[in-house]
Amino acid sequence: MQDKEYIAVLIQSLEKKRGILDRIIEKNKEQRTLFLDEASDPDRLEENMQEKSRLVDQLNGLDDGFQQVYDRIKPLLQQQKDSLKEEIISMKGLIKEITEKSATIQAQEQRNRDLAVKRFSAVKGNIRQVRTSSKVATQYYKNMSAAHVMDSKFMDKKK
296 MQDKEYIAVL IQSLEKKRGI LDRIIEKNKE QRTLFLDEAS DPDRLEENMQ EKSRLVDQLN
356 GLDDGFQQVY DRIKPLLQQQ KDSLKEEIIS MKGLIKEITE KSATIQAQEQ RNRDLAVKRF
416 SAVKGNIRQV RTSSKVATQY YKNMSAAHVM DSKFMDKKK
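Numbering (our numbering), first residue to last: 296 to 454.
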């Protein structure tokens, strides 16, 4: 492979990474909606998280490939800065976009984490309330069933 082709691979890798980050941002927005909607389907949340996991795996693969190619042509980039000026500027612009999108994703993840904690504590509170209500109802029924078995102490035995 020639040096220009390696640079094209680097640029293509950065563009793919940008696209994947855009998809992660959309998945985070969808996840936020799911956390805010109390009637949302837990299976949809699970699917969302699995898709995000697959996207992150793709990012990691792109990062590994990018690093390998970059390590191979780093000396060339340093030696031929002037002749590769356009490509370097393009890569810097893509890296800047990727960094901004990464910061956006981190902020979204933190907000979604906070929403998840609130949602799960509300669910936990509801479960606790249901358990308490169930215990009270069970105890009530036990007491009431025991109340029907009364001795005839108060019956008048005279005829």
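Backbone N, C-alpha and C fix where the C-beta goes; we use that ideal spot for every residue, glycine too.
A check of alpha carbon separations from Asn343 across Gln353, Glu333 and Thr328 identifies Thr328 as the nearest. Less than 8 Å separates the beta-carbon of Ile393 from that of Leu309. Rounded to the nearest angstrom, the Cβ distance from Ile400 to Leu316 is 7 Å, consistent with a contact under 8 Å. Assignment of Gln375 by DSSP, reduced to helix, strand and coil, places it in the coil class.
Remark: C-beta atoms of Asn323 and Glu382 do not approach each other more closely than 8 Å. Under the Cβ criterion (8 Å, minimum of three pairs), the segment 298-313 counts as touching the segment 345-361. For Ala417, the secondary structure class from DSSP, reduced to helix, strand or coil, is helix. Taking 8 Å as the cut-off, the Cβ atoms of Ile302 and Ile384 do not count as close. Put simply, the backbone Cα of Leu331 is about 16 Å away from that of Glu321.
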